[in-house]
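Visitor:
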Ligand SMILES: Cc1cc2nc3c(=O)[nH]c(=O)nc-3n(C[C@H](O)[C@H](O)[C@H](O)COP(=O)(O)O)c2cc1C
Ligand code: SF4
Ligand code: SF4
Ligand code: SF4
Ligand code: SF4
Ligand code: FES
């Protein structure tokens, strides 16, 4: 079945990353239309009516964010493109950054026009070297040809973009930690409120959006709300790029309308499980999402349906594990990731991520003394969800908690019988 | 107001208040660890303050979450209790809970909460973070394994002293608080982090294992190390002061101290303390009884008095002793000896302030209070290295600029820790202050920014001033001072328009031959813009020594009795004659600098109480010659100072910790100190010695307690009229305080100057007496450093202070250093027309090229060997800030 390529439409076209290529693909027309014919309010209004929700993980309505930011009187304001893409298993922004950078820049310029900002920053993950080069080149080209910079399309609208490379911390993808990092501080989440829309970069109103979110904007402006809402569901309109990874035959990025099922994605697009094995578990929205099992394969991949199924859409990173996966190992792998990425500010996450990892290590190595240790993980997890300072710590135990819930017997076998029922070295692909 | 309920109790608070604040307001207790009431910004890290809010499935941190209308907060539920207990369990899982040897045992917030919530052995076992204890600095030891990473230390360091020496380094489980790159701590060592730490993770190396809070007796006192007069408690165990604790909510220091206050107290029990009177025989001191020693002093004074007259005897009172002692000292000199030859080291620091401001306003002291500085809109700091010499006042400046948006103007040749925050920084040539400020006034008048109403209603002499400053155009002033015109204009505009504006100044203005004129120029500037008689404005001389203000107030000056009442005034003299029951001498006495010059000539005997002219006075070679030629020198001190070594009789005295009495700080606040420990050996308090000696001289003096002396001071000193020990037992009082019901005076000259109208003095710039030439091409300026006090007799006997700053040095700009081929740390010779010293070069850009700086605390390379004894004609203050010098490789 063909994908529904809207955001990925330009990918694979000749010289898609260059200005020429982008213009041939109809690029910068939305920006032209906006600055010449539309008021900022009209754009904010279209984005609101489009129902576009943030693609960075939290799913916050983009139009509402823009409105908050636009109505704040303080200036200057800033637009930030969150290109940190640190969520394990997520690699959708990468392809846009590398192969269609002008689309991202156009989305940012439109955001700037809508909220009244003249400066944008792309905060790009340090490891995305190629993406950063591609962006920088795109910025230079766009500046030279006045698609960015001073007096865009001969109007009074100026918009400059600077690319900032991160230094490899997952927490810096969280929008307020990102702001601190951009300001030159160690990246740690800020207290909210105040929210970035009112007090963001340097304390000024700031709109932080994900790469994919911003890439939607030119489409909304160009083709209109009605066209846009043809894709997806009523409460999650548009298409979504899913990054499919793990034990599937064809891992990769797949753009589908919101609401396609998990089964379609894995079996029709991903070609099913490798070597004809059975699916054991799947994490549908990155490392902080609760895992689902075979039973849930018909869940629709949109914000609402996945939440109802007890998990979340997150960034759309779908990690598939087959029947040969040791779930203790899988849980440990995720736990190790969070232990490494906890910023250390708050007690529940700093200590909790450490102890979850440590206890799982003991279970995995058959060193745990009793099943009470498994319950301790549950206790830790509950308390982190209840009381961590920021979403990293709240989401960190989700994988471990859901895996224990679904596969408690495997844990007990490790503890009581000192053996692994699967007996295959555990690796969660993508981590 | 926002209305909410906490555990069903209704409460209304200001919008923006946190749940924690609301809980406090209605008496609901919520535990906290990372929250610290002194800090503005919350942290939200520890999570012990979690509460339930109806309708929210999560728990919220009370310290970071703002209240909302109709909010229902629950603090006592099972859910909350369990979550808090879990946080404690996690904290303890990583805590080296050896309370047995912990300094904080019994006083530790973690320990208290663990007990309250009944946290038993944590369920999390295995290896812990294991960072151990760091001791690689002179003052603090950090036990990382007792750190709960609450971040209080990190935040206080950034917010209060504005140092930011430490931060969280690494991250996640490996997080630790440490300086960048985990280097050794190198900061201003104020100890704020230690006071803020809720556990035993940060301890004073000086106080470690000396006693825990519950074993210590707290005795309220006042720090003896500078004019800020910080309030603190001496913590005593077994007759020794083993720690100190700053007083919370004190209007002076609000729970903060600087390094000298926090760690300098160990001089009290130093082995060098004098313990018995000493009499010199054949060039050697031998112990003597009090009876013998005082008998000898009385006899010698009597003989000299009879032979060459009372005026051949002089006395140096002391800016370190109490008001009561200084009062008795001047009374002894005047009533018992019969001379007005009494003075003290205010002569060397702020005599020009006392003289200048008395002429301009009618009284010479800080017009405003320390706490008012934080609310000034503009602050002009000139001739004051405030962050080092008055660190606690500097905190107010940091607060004003960093939190309240005030603008800072600096006029100082040297770079200060304030510099990065300055809107305008003028680095003028030393000794050109008058030209600079005339320049500011020129701009203000030219641009019509003067306060016309204030000038018309409250001042006189404006036209004359206007005429003189006319000539001081920005170009002209740039030529003299080296300050670019734009800076002069910018500073003038800012100071004149962004009000209230407060001026802070210190010895950079006063220690010149033109010191009195410099002070009057500052007064002109303030009056011109109406920045006087209002809160957070004013002219604020920062006084140096702990009781230099008080020693002046109680008359340890040659021309005035207590309360600045003039000796020359017949009616006043008659009043004191009646009060003291003797005939008093009518002529003004000699100043310190004049007494030194007269020593060996017309002056035969000198009585020195707690001063050290052999290090503090200019041109030391000359000073020594004079002191050695005295017939009789008595020195009364806690240590064998350089001056005491020259004495015929040395009397051992009690330190500040060993007596009751009062000090008056730089903001005119009279504050009480209490006896905490006994004096070593036979040392006695100065006031007891003075009584004894006076009686032996035939003028009876007898008091049971210093409070009686204060009552006497109050009876003869109008500005202290309402002050008594009883009234200041809780909180000091600021003079003028004329009667028992008067609340004291926060700022001076409110509707009227002390002298009626404020007086403008037209003042021309005059070059310093010695200016660089081919032979001595550099300008030498002297001053103080953070880690030492005055001549170092106390601070250099403090283990930590001496360890952190053990050696004299000369600061020299890299431009000059390169020319001279000198590298950092190298030994050099610095010479002037009066002498030469050897010391290490500190090559840095704190001085501009052409200027060098030497701190005056170090006897092994005494800066005052080089300085010039040229005097201000009015105040007789020496020119410490400018002389010509040269530097050579040693
Ligand atoms: C721990 C953590 C990591 C995150 N990492 C990313 C990221 O890499 N990229 C991203 O776009 N959003 C990330 N987010 C979400 C951002 O905080 C923020 O919600 C997003 O950038 C908003 O943009 P959107 O509304 O367009 O999604 C992360 C959030 C958390 C809590
Ligand atoms: S939950 Fe706490 S420790 Fe974890 S990343 Fe957020 S602030 Fe840092
Ligand atoms: S810090 Fe507190 S809990 Fe820890 S050892 Fe010291 S007294 Fe005990
Ligand atoms: S002693 Fe003072 S300056 Fe040094 S780290 Fe502590 S708070 Fe900061
Ligand atoms: S050293 Fe003390 S104040 Fe600093 S983080 Fe640790 S426990 Fe908190
Ligand atoms: S006191 Fe509120 S989180 Fe620490």
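Chains as they are written, first to last, in the numbering used here: chain A, 131 to 561; chain B, 53 to 942.
We treat Cβ as the ideally placed atom computed from N, Cα and C, and that holds for glycine.
All figures in this text were calculated on a predicted structure; none of them were measured in a lab.
Determine whether the beta carbon atoms of residue 232 of chain A and residue 157 of chain A lie at a separation below 8 Å.
Guide: If you number the first chain from 1, residue 232 of chain A lands on position 102. If you number the first chain from 1, residue 157 of chain A lands on position 27. Yes, they are a contact pair.
Visitor: Of all the residues that make up the region 90-103 of chain B, which are near chain A by a beta-carbon distance shorter than 7 Å?
Guide: 94, 96, 97, 98, 99, 102
Visitor: Exposed or buried, which one is residue 177 of chain B when buried takes at least 16 other CB atoms within 10 Å?
Guide: Position 125 of the second chain, counted from the start, is the residue given in the question as residue 177 of chain B. When all chains shown are included, residue 177 of chain B counts as exposed.
Visitor: Nearest to residue 403 of chain B by CA position, among B:941, B:940, B:936, B:931, is which residue?
Guide: Taking the first residue of the second chain as 1, we reach residue 403 of chain B at position 351. The residue with the shortest Cα to Cα distance from residue 403 of chain B is B:931.
Visitor: Do the CB positions of residue 243 of chain A and residue 173 of chain A come within less than 8 Å of each other?
Guide: Within the first chain, the letter at position 113 stands for residue 243 of chain A. Within the first chain, the letter at position 43 stands for residue 173 of chain A. Going by C-beta atoms, residue 243 of chain A is nearer than 8 Å to residue 173 of chain A.
Visitor: Give the interface partners of residue 81 of chain A over in chain B, defined as CB-CB distance under 7 Å, in chain order.
Guide: No information on residue 81 of chain A is available, as it lies outside the stretch 131 to 561 that chain A covers here.
Visitor: Less than 7 Å separating the Cβ of residue 248 of chain B from some heavy atom of ligand 5?
Guide: On the second chain, position 196 is the one that residue 248 of chain B refers to. Yes; taking the cut-off as 7 Å, the Cβ of residue 248 of chain B has a heavy atom of ligand 5 nearer than that.
Visitor: Measure the alpha-carbon distance for residue 556 of chain A versus residue 397 of chain A and round it to whole angstroms.
Guide: By 1-based counting over the first chain, the position of residue 556 of chain A is 426. By 1-based counting over the first chain, the position of residue 397 of chain A is 267. At residue 556 of chain A the pLDDT is 46, less than 50, meaning the model places this residue with poor confidence; the figure from the coordinates comes in the next sentence. Distance between the alpha carbons of residue 556 of chain A and residue 397 of chain A is about 23 Å.
Visitor: Work out the CA separation of residue 877 of chain B and residue 482 of chain A for me, nearest whole Å.
Guide: As a position in the first chain, residue 482 of chain A is number 352, starting the count at 1. As a position in the second chain, residue 877 of chain B is number 825, starting the count at 1. Each residue's alpha carbon lies about 50 Å from the other.
Visitor: How big is the Cα-Cα spacing for residue 150 of chain B and residue 574 of chain B?
Guide: By one-based count along the second chain, residue 150 of chain B stands at place 98. By one-based count along the second chain, residue 574 of chain B stands at place 522. Going by the C-alpha atoms only, they are around 58 Å apart.
Visitor: Determine which residues of the region 135-159 of chain B have a Cβ less than 8 Å from any Cβ of chain A, and write them out in chain order.
Guide: Cβ contacts with chain A come from 135, 138, 139, 142, 143, 145, 146.
Visitor: Can you find the residues in the same chain that come closer than 8 Å, C-beta to C-beta, to residue 907 of chain B, ignoring five residues on each side of it along the sequence?
Guide: Start at 1 with the first residue of the second chain, and residue 907 of chain B comes out as number 855. Only 834, 835, 836, 837, 840, 860, 861, 915 meet the Cβ criterion.
Visitor: Mind checking whether the beta-carbon of residue 204 of chain B lies closer than 7 Å to any heavy atom of ligand 5?
Guide: The count along the second chain starts at 1 and reaches residue 204 of chain B at position 152. Yes, since a heavy atom of ligand 5 falls inside the 7 Å radius drawn around the Cβ of residue 204 of chain B.
Visitor: With three or more C-beta pairs closer than 8 Å as the rule, is the region 302-320 of chain A touching the region 160-176 of chain A?
Guide: no
Visitor: Could you confirm whether any beta carbon from chain A is found closer than 8 Å to the beta carbon of residue 224 of chain B?
Guide: For the purposes of this step, residue 224 of chain B is taken as the residue at position 172 of the second chain. It does: the Cβ of residue 224 of chain B has a partner Cβ on chain A nearer than 8 Å.
Visitor: What residues of chain B sit near residue 285 of chain A, judged by a beta carbon separation below 7 Å?
Guide: The residue you call residue 285 of chain A lines up with position 155 of the first chain. Correct list: empty, because the minimum Cβ distance to chain B is about 36 Å.
Visitor: Against residue 176 of chain B, what residues of chain A qualify as contacts under a CB-to-CB distance less than 7 Å, listed in chain order?
Guide: For the purposes of this step, residue 176 of chain B is identified with residue 124 of the second chain, where counting begins at 1. The answer, in chain order, is 485.
Visitor: Compute the minimum distance between the beta carbon of residue 528 of chain A and the heavy atoms of ligand 7, and state whether it is under 7 Å.
Guide: This structure lacks ligand 7; the ligands present are ligand 1, ligand 2, ligand 3, ligand 4, ligand 5 and ligand 6.
Visitor: Any heavy atom of ligand 3 within a distance shorter than 7 Å of the CB on residue 133 of chain B?
Guide: Here residue 133 of chain B is taken as the residue at index 81 of the second chain, counted from 1. For ligand 3, not one heavy atom lies less than 7 Å from the Cβ of residue 133 of chain B.
Visitor: Confirm the yes/no value for this check: CB of residue 128 of chain A, any heavy atom of ligand 2, distance under 7 Å.
Guide: What is shown of chain A runs 131 to 561, which leaves residue 128 of chain A out entirely.
Visitor: Below 7 Å between beta carbons is the criterion; list the residues of the region 104-115 of chain B that meet it against any residue of chain A, in chain order.
Guide: 110, 111
Visitor: Judging by CA-CA distance, which residue of A:479, A:538, A:136 is the nearest neighbour of residue 514 of chain A?
Guide: Along the first chain, one-based indexing puts residue 514 of chain A at 384. Nearest of A:479, A:538, A:136 to residue 514 of chain A, Cα basis: A:479.
Visitor: Please list the partners that residue 476 of chain A has in chain B, where partner means a Cβ-to-Cβ separation under 8 Å.
Guide: By 1-based counting over the first chain, the position of residue 476 of chain A is 346. What residue 476 of chain A touches in chain B: 96, 97, 98, 99.
Visitor: Work out the CA separation of residue 201 of chain B and residue 228 of chain B for me, nearest whole Å.
Guide: To locate residue 228 of chain B, count along the second chain from 1; it is residue 176. To locate residue 201 of chain B, count along the second chain from 1; it is residue 149. Rounded to the nearest angstrom, the two C-alpha atoms are 7 Å apart.
Visitor: Where does the unbroken alpha helix (DSSP H) through residue 236 of chain A begin, and where does it stop?
Guide: Position 106 of the first chain, counting from 1, holds the residue named residue 236 of chain A. First-last of the alpha helix (DSSP H) with residue 236 of chain A: 231-245.
Visitor: At a threshold of 7 Å, does residue 214 of chain A count as lining ligand 1 (C-beta to nearest heavy atom)?
Guide: Indexing the first chain from 1 puts residue 214 of chain A at position 84. Residue 214 of chain A: yes, Cβ under 7 Å from ligand 1.
Visitor: Inspect the CB distances between the region 385-392 of chain B and the region 408-427 of chain B and report whether three or more fall short of 8 Å.
Guide: no
Visitor: Any residue with its Cβ nearer than 5 Å to a heavy atom of ligand 3 should be included. What is that list in chain order?
Guide: B:149, B:151, B:154, B:156, B:157, B:160, B:162, B:163, B:198, B:251, B:252
Visitor: Count the other CB atoms within 10 Å of the CB of residue 140 of chain A; is the residue buried (16 or more) or exposed (fewer)?
Guide: Walking along the first chain from the start, residue 140 of chain A turns up at place 10. By the neighbour-count rule (16 or more Cβ atoms within 10 Å), residue 140 of chain A is buried.
Visitor: Buried or exposed: which applies to residue 349 of chain A, given that a residue is buried once 16 or more other Cβ atoms fall within 10 Å of its Cβ?
Guide: Looking up residue 349 of chain A in the first chain gives position 219. Buried.
Visitor: Within 10 Å of its beta-carbon, does residue 921 of chain B have 16 or more other beta-carbons around it, so buried, or fewer, so exposed?
Guide: Here residue 921 of chain B refers to the residue found at position 869 of the second chain. Classification for residue 921 of chain B: buried.
Visitor: Give a yes or no on whether the minimum CB-CB distance between residue 227 of chain B and chain A is below 8 Å.
Guide: If you number the second chain from 1, residue 227 of chain B lands on position 175. Chain A, which has a Cβ nearer than 8 Å to the Cβ of residue 227 of chain B, makes this yes.
Visitor: Compute the minimum distance between the beta carbon of residue 480 of chain A and the heavy atoms of ligand 6, and state whether it is under 7 Å.
Guide: As a working mapping, residue 480 of chain A is identified with position 350 in the first chain. Incorrect: residue 480 of chain A has no Cβ contact closer than 7 Å to ligand 6.
Visitor: Nearest-angstrom Cα distance between residue 89 of chain B and residue 426 of chain B?
Guide: Locating residue 89 of chain B in the second chain gives position 37, counting from the first residue. Locating residue 426 of chain B in the second chain gives position 374, counting from the first residue. Their backbone Cα atoms lie some 18 Å apart in a straight line.
Visitor: Grouping DSSP H, G and I as helix and E and B as strand, with all else coil, what is residue 776 of chain B?
Guide: For the purposes of this step, residue 776 of chain B is taken as the residue at position 724 of the second chain. Coil at residue 776 of chain B, not helix or strand.
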